[in-house]
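Below: the structure, in structure tokens.
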Amino acid sequence: MDIIGIAIAVVAAIVGIGAGYAFGSRRSVNALLKKQQEEGQSALLKASEDAKEVLQTAEAEKSKVIAKAENDARQRISEADAKIARRRRDLDDEDERVRRRRNELDKRVERLEQRDQQLNKRQSRLDKKENELHKSEAVMIEKLEVIAQMTVEEARQQLLDSIELDARNDMARIIRQVEAEARETADARARSLIAMAIQRLASEQVNEISVSVVHLPSDDMKGRIIGRNGRNIRSFELATGVDVVVDDSPESVTISSFDPIRREVAKRTMAKLVVDGRIHPARIEKLVEDTRAEVERIVREEGERAAYETGIHGLHAEVLNLLGTLKFRTSFGQNQHAHAIETAHIAGMIAMELGADVNIAKAGGLLHDIGKAIDHNVEGTHAQIGAEFVKRYGGKDAVVNCIAAHHHEVEKECVEAFIVEAADAISGARPGARRESLDNYIRRVKQLEEIANGFDGVEQSYALQAGREIRIIVRPEVVDDYSSIQLARDIAKQIEGDMQYPGQIKVHVIRETRRVEYAK
């Protein structure tokens, strides 16, 4: 029992005694007081004994705790002494290593100082030798200038000129290599596309230019065509607007006119008159009117057929009519209607291969020469006239640009314009497409050679392959490798600007240096 419990018991006893005094009777109080006194004395005795036991127990526990604490303190002191001893040994070892390291560093510093002194001496000797070399170099340069009879600047300039010449030669060689690599890829691709387009398409060509021949069953028919005092032939020429040539050619008459529609109307009318046999002015006028209506119908049908064959829809009726008149027009013996259809097909195939707009390319190819069918009273080139006509009747801007730019008269604004120009050249330049007179051929060859001979350094020039290639031999002492490249480009540009020709012309510049020595 602890001290607090004892105290509580004592207080309870005292309270009980007080209560007995207050509420009981005197007798009862005395008896109760006596009883409470006895119980209090017993409680006090018991509490005193319990307190003594508690004190004894506390003293024992205290002794045990003090003993344990002393043992722990002694153990920790022993451990700390051991750690201090180990740390002291470690510090002694580290101090020894530091001392040895300091000695080694001191020795190394001494060696570096010695080496620095040696380097200083060597540098002094090198500076002395360098000064001597500068003096010797200056003396040698003066002697070389006297021997070479030129200054250092002049020698440097000569060296730079030599280096520049070598660099230009290297540059020309690199340019040739790059151009050769480009040709290996671009030319192969272009040849493949062109060959494919030509092989996939074939069309016949009309050779008539400005005359048509009508065959007669007999020469007696010529007199009936002429009529009394020439009235029939005059009526025919007046109604049709053509010239009729009745010459000595057996069983035929010739109809001449530069207007293909008039010539076609006259040809068909003459054939009908010959078959009908009734030839007089009234009959001639009637048949001319009927034939003109027939030709107009054919023109309309040919325009619609061209649009249908090429897959071009939505063209205005006036555009189709004008397109149909190309059926009766030729250029260098090539029928313009067939040429337009052929160009449209080629342009469509190339556009398809290159991923361009096929419809724009086809429409530009079909209508690129439509200006040739417009009357001569309208001023301008056929490309400009055709572009304005198509634009007036609702043509797309890209198609109008293809028409206007196919002869480099305006800038090309779309890739389809380049395709149409290429297709036009392919259709006109492919084998068998056109025929050319001997005079035009000789004139073109002569003009090619004159253009080439007009440049400095050109020794000779020869036009080959019917004017498709020109080979130019230059003087090697005037034209170097780099200049030959520039010369070929300049000649090609002047040919493009001064001449009109189908396809392309290859400009081939040849430079050859020869040295001859004799052994004696």
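Per our numbering: the sequence shown ends with 520, consecutive numbering throughout. Note that the Cβ used here is the ideal one computed from N, Cα and C, for glycine as well.
Under the assumption that residue i contacts residue j (Cβ atoms under 8 Å), give the Cβ distance between them as a whole number of angstroms.
{"i": "Gly365", "j": "Thr330", "result": "Rounded, the Cβ-Cβ distance is 18 Å, inconsistent with contact."}
{"i": "Lys222", "j": "Val253", "result": "7 Å"}
{"i": "Ala340", "j": "Leu323", "result": "7 Å"}
{"i": "Val244", "j": "Ile233", "result": "5 Å"}
{"i": "Val507", "j": "Ala488", "result": "5 Å"}
{"i": "Ile225", "j": "Val246", "result": "7 Å"}
{"i": "Thr310", "j": "His345", "result": "7 Å"}
{"i": "Met171", "j": "Tyr482", "result": "6 Å"}
{"i": "Pro217", "j": "Val274", "result": "7 Å"}
{"i": "Val152", "j": "Ile141", "result": "6 Å"}
Using a Cβ-Cβ cut-off of 7 Å (strictly less than) and excluding sequence neighbours within five positions of residue i, which residues of its own chain qualify?
{"i": "Thr240", "result": "Arg262, Val265, Ala266, Thr269 and Val288"}
{"i": "Glu304", "result": "Leu320"}
{"i": "Ala347", "result": "Ala361, Lys362, Gly364, Gly365, Ile419, Val420 and Ala423"}
{"i": "Ala356", "result": "Val415, Glu416 and Ile419"}
{"i": "His316", "result": "Tyr393 and Gly394"}
{"i": "Glu132", "result": "none"}
{"i": "Glu208", "result": "At Glu208 the pLDDT is 47, less than 50, meaning the model places this residue with poor confidence and gives no usable figure here."}
{"i": "Phe328", "result": "Pro260, Ile261 and Glu264"}
{"i": "Pro250", "result": "Asp219"}
{"i": "Thr325", "result": "Ile261, Val299 and Ala373"}
In whole angstroms, give me the CA-to-CA distance for residue i and residue j.
{"i": "Asp72", "j": "Arg97", "result": "38 Å"}
{"i": "Asp127", "j": "Ser136", "result": "14 Å"}
{"i": "Ala404", "j": "Ala387", "result": "5 Å"}
{"i": "Lys129", "j": "Lys121", "result": "13 Å"}
{"i": "Ala202", "j": "Asp490", "result": "Note that Ala202 has pLDDT 45, beneath the 50 cutoff, so the model's placement of it is unreliable and the number below is only indicative. Distance between the alpha carbons of Ala202 and Asp490: 36 Å."}
{"i": "Gln504", "j": "Val478", "result": "28 Å"}
{"i": "Ala463", "j": "Glu154", "result": "46 Å"}
{"i": "Leu448", "j": "Val214", "result": "40 Å"}
{"i": "Asp219", "j": "Ser235", "result": "20 Å"}
{"i": "Gly492", "j": "Gln500", "result": "The question names Gly, but residue 492 in the sequence shown is Ala. Ala492 and Gln500: Cα-Cα distance of roughly 13 Å."}
{"i": "Pro260", "j": "Ser212", "result": "10 Å"}
{"i": "Val146", "j": "Ile174", "result": "40 Å"}
{"i": "Ile350", "j": "Gln486", "result": "31 Å"}
{"i": "Tyr518", "j": "Gly428", "result": "55 Å"}
{"i": "Tyr393", "j": "Ser484", "result": "50 Å"}
{"i": "Leu45", "j": "Gln56", "result": "17 Å"}
{"i": "Lys520", "j": "Arg444", "result": "50 Å"}
{"i": "Ile284", "j": "Lys372", "result": "30 Å"}
{"i": "Ile312", "j": "Val358", "result": "10 Å"}
{"i": "Glu113", "j": "Val139", "result": "39 Å"}
{"i": "Ser63", "j": "Ala47", "result": "24 Å"}
{"i": "Ala80", "j": "Arg115", "result": "52 Å"}
{"i": "Gln41", "j": "Leu32", "result": "14 Å"}
{"i": "Arg514", "j": "Val399", "result": "55 Å"}
{"i": "His134", "j": "Lys107", "result": "40 Å"}
{"i": "Ile470", "j": "Glu179", "result": "19 Å"}
{"i": "Glu582", "j": "Leu91", "result": "The chain is shown only over 1 to 520; residue 582 falls outside these bounds and no answer can be derived."}
{"i": "Asp397", "j": "Ser257", "result": "36 Å"}
{"i": "Ile442", "j": "Glu496", "result": "18 Å"}
{"i": "Phe455", "j": "Lys143", "result": "46 Å"}
{"i": "Gln156", "j": "Leu165", "result": "Here residue 156 is Arg; the residue named in the question, Gln, does not match the sequence. Taking the straight line from one Cα to the other gives about 14 Å."}
{"i": "Lys412", "j": "Lys446", "result": "31 Å"}
{"i": "Val410", "j": "Gln494", "result": "18 Å"}
{"i": "Asp562", "j": "Glu59", "result": "Any property of residue 562 remains undetermined from this structure, which presents the chain solely from 1 to 520."}
So if DSSP puts residue i in a beta bridge, which residue, or which two residues, is it bridged to?
{"i": "Val211", "result": "Ser256"}
{"i": "Asp243", "result": "Ser256"}
{"i": "Ala463", "result": "Ile470"}
{"i": "Ile419", "result": "Partner(s): none; Ile419 has no beta bridge."}
{"i": "Lys506", "result": "Glu469"}
{"i": "Arg511", "result": "Val474"}
{"i": "Val458", "result": "Val474"}
Quick one: what's got a C-beta closer than 6 Å to residue i's C-beta in the same chain, skipping five residues either side?
{"i": "Arg475", "result": "Gly457 and Glu459"}
{"i": "Ile472", "result": "Ala452, Val458, Ser461 and Val509"}
{"i": "Asp480", "result": "none"}
{"i": "Pro281", "result": "Ser235"}
{"i": "Val378", "result": "Ile385"}
{"i": "Ala306", "result": "Leu323 and Ile341"}
{"i": "Val295", "result": "Glu264 and Val265"}
For residue i, collect the residues of the same chain with a Cβ closer than 8 Å to its Cβ; drop the 5 residues on either side in sequence, then sort them by chain order.
{"i": "Glu512", "result": "Ile473 and Pro476"}
{"i": "His368", "result": "Ala340, Thr343, Ala383, Gly386, Cys402, Ile403, His406, Val420 and Asp424"}
{"i": "Gln158", "result": "Met150"}
For a test of your reading of the model: does the CB of residue i fall under 6 Å from any non-hydrogen atom of the ligand COA? Yes or no.
{"i": "Gln177", "result": "As for the ligand COA, it is missing from this structure, which has no ligand bound."}
Would you list, in sequence order, the uninterrupted beta strand (DSSP E) runs of no fewer than 3 residues that lie entirely inside the segment 254–340?
-> Listed in chain order, the beta strand (DSSP E) elements of length 3 or more contained wholly in the segment 254–340 amount to none.
4-residue-minimum alpha helix (DSSP H) runs that sit fully inside the segment 336–366, ordered along the chain = Taking only runs of at least 4 residues, the alpha helix (DSSP H) segments lying wholly in the segment 336–366 are 336–354.
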